[in-house]
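> Chains as they are written, first to last, in my numbering: chain A, 1 to 239; chain B, 1001 to 1239.
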DNA sequence: CCTTGTTGCGCACACTGTACGCACAGCCGT
DNA sequence: ACGGCTGTGCGTACAGTGTGCGCAACAAGG
């Protein structure tokens, strides 16, 4: 008799199956997985915990999702769907691409767990949201007189830069949030060890001892610096 | 009596503890983990399997490594150590940085599992190999007359681009190798679905139907295009 | 009514990371 | 020669994982 909450007494007293909600659906599962990932991080996502949140058994999810990897692909596509692509009305292509890249960075940092998932999800670009995103970004570059083929390459270049930055930053933010401390505290606490460790490397040592700006701001500035360089480089191709 | 291989009969016949090799060491563990990751991928790395390969029990590893995450940090640093930084003798800074970036891409693609780990490993840049790499790359940029502070930003920009490209490519290569097919076969098999899926998106559809070059070459060319743009953009800062 | 297909779920299996504590090796001072 | 100390390997164990399997409940349609 391993019944836990209530012994259910008999078949007659067992509660009817609830049919208030549409029960379970792929969209619900993905949405709840996203919430769980955002609040508790990647290692907290298990099929059991996710099922429990949906008042469902773990294996029930498998009726709507082939396996955990597929679930992650769906969640990643969902996240990409949050990236905003402005239209080019009254903007240069460069301003539009800049805004889009900033939005992408913001979205990726809002879901830092994604950095540990991007390397596993192949064919991410087949998801509907990713396709819509790419299509709209292509229009931005073509508005800037890139040929279709080169617009593709330019898009890939910008996105690679954004993903690279976000991966590094997200890894940092994750270990940071696990530590519980604030970014400034953490940096300050680490500084002595850093200064010590960089002793054999004069250039790194100089950078470590030079006190920089507040770290959150510094990350943003670094991102913007690199983005400007990438766009400068792309602009040289336009004549 | 759960003895398996040989019952060991008695204390007297039990084999002496082997002391031929230095038994176990952090370096050995990291090296074997790297081999295991390269041959079997990230999901095949478990402490038990790794221990077995070293003729050791799973928990023995914990005497030399705090936990699995720490092991991964060590392995990542090891991989970064394989990146070659040329000196600037008889090269422009741009040629040297290009060679370095190409080497980095090659190394990352030689160990594609790293893409799924980079997002988890915070503070990767504290490893000795990473520090040496960064220090040497800084010299390249400073040889190009970047100020120390800007050399730092330039370095970060280039590495972000390389990591972003490699993450995407590595995810692709991983799903590819899981499929067992060759890159060309896989692309050809996917093309019909791709053409169908891009129907609602004219620009993507055009790119999908336009038959490109052989896919491996195409990836390399795409990487080089973006790298040139990044370096173009950096060069504009030099006057 | 019976059939057929879809969905949720309990159970089970093989596997994971790692805490704990014992057994032993080599080294130390006596 | 001897007793302790420290560092290393390992057996056992625990809590947790993804997911295959098969049953029970339902919906639709004949």
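Don't be surprised by glycine CBs; every beta carbon is placed ideally from N, CA and C. All figures in this text were calculated on a predicted structure; none of them were measured in a lab.
Which bits of chain A does residue 1152 of chain B rub up against, with CB to CB less than 7 Å?
The contacting residues are 207.
> Under the three-state reduction of DSSP, which class applies to residue 173 of chain A: helix, strand or coil?
Reduced to three states, the DSSP call for residue 173 of chain A is helix.
> For the 8 Å Cβ check, are there 3 or more pairs between the stretch 195 to 215 of chain A and the stretch 1206 to 1218 of chain B?
Output reads no: the stretch 1206 to 1218 of chain B does not touch the stretch 195 to 215 of chain A.
> Please state the DSSP three-state secondary structure of residue 1104 of chain B.
Helix, per DSSP.
> Starting from the beta carbon of residue 131 of chain A, find every residue of chain B whose beta carbon is closer than 9 Å, and list them in chain order.
1197, 1198, 1200, 1201, 1204, listed in chain order.
> Along the chain, where does the alpha helix (DSSP H) that runs through residue 1135 of chain B open and close?
Residue 1135 of chain B -> alpha helix (DSSP H) spans 1128 to 1143.
> Which same chain residues, not among the five before or five after residue 1108 of chain B, have their C-beta less than 7 Å away from its C-beta?
Cβ neighbours of residue 1108 of chain B beyond the five flanking positions: 1114, 1166, 1170.
> Taking the CB atoms as reference points, tell me whether residue 164 of chain A and residue 1162 of chain B lie closer together than 8 Å.
Yes, the pair counts as a contact, with Cβ atoms nearer than the cut-off.
> Report the rounded CA-to-CA distance for residue 36 of chain A versus residue 1068 of chain B, giving the unit in angstroms.
Going by the C-alpha atoms only, they are around 24 Å apart.
> What did DSSP end up calling residue 201 of chain A once you bin it into helix, strand or coil?
The answer is coil: DSSP assigns residue 201 of chain A none of H, G, I, E or B.
> My output table needs one value for residue 1060 of chain B: the three-state DSSP class, helix, strand or coil.
Note: residue 1060 of chain B maps to helix in three-state DSSP.
> Strictly under 8 Å for the Cβ-Cβ distance: is residue 1161 of chain B near chain A by that measure?
So, interface residue.
> On the three-state DSSP scale, how would you describe residue 45 of chain A?
In the structure shown, residue 45 of chain A sits in coil (DSSP, three-state: anything other than H, G, I, E or B).
> Which term fits residue 122 of chain A, buried or exposed, when burial requires 16 or more other beta carbons within 10 angstroms of its beta carbon?
Answer is buried; the Cβ neighbour count reaches 16.
> So, does the CB of residue 1062 of chain B fall closer than 8 Å to a CB anywhere in chain A?
False, the Cβ-Cβ gap to chain A never drops below 8 Å.
> Under DSSP, the alpha helix (DSSP H) around residue 1117 of chain B begins and ends at which residues?
Element bounds for residue 1117 of chain B: 1115 to 1118.
> Rounding to the nearest angstrom, what Cα-Cα distance links residue 15 of chain A and residue 61 of chain A in this structure?
Only weak support is given to the placement of residue 15 of chain A: the predicted model assigns it a pLDDT of 43, under 50, and the value that follows is read from those uncertain coordinates. Approximately 22 Å, taken between the alpha carbons.
> Check for me: the alpha helix (DSSP H) holding residue 124 of chain A runs from which residue to which?
Unbroken run through residue 124 of chain A: none, as it is neither H nor E.
> How long is the line joining the alpha carbons of residue 1072 of chain B and residue 1065 of chain B, rounded to whole angstroms?
Straight-line Cα distance between these residues: approximately 10 Å.
> Start and end of the alpha helix (DSSP H) containing residue 232 of chain A?
Start and end: 215 to 235.
> Taking buried to mean at least 16 other C-beta atoms within 10 Å of its own C-beta, is residue 58 of chain A buried or exposed?
It is exposed - the Cβ of residue 58 of chain A has fewer than 16 other Cβ atoms within 10 Å.
> Helix, strand or coil, according to DSSP, for residue 1065 of chain B in the structure here?
If DSSP states are grouped into helix, strand and coil, residue 1065 of chain B belongs with coil.
> According to DSSP, is residue 239 of chain A part of a helix, a strand, or is it coil?
Residue state, collapsed to three classes: coil.
> May I ask you to verify whether the stretch 199 to 209 of chain A touches the stretch 1137 to 1154 of chain B, counting CB pairs closer than 8 Å and requiring at least 3?
Short answer: they touch.
> Let's test the definition: count the other Cβ atoms within 10 Å of the Cβ of residue 1120 of chain B and tell me whether it reaches 16, buried, or not, exposed.
With 16 or more other Cβ atoms within 10 Å, it is buried.
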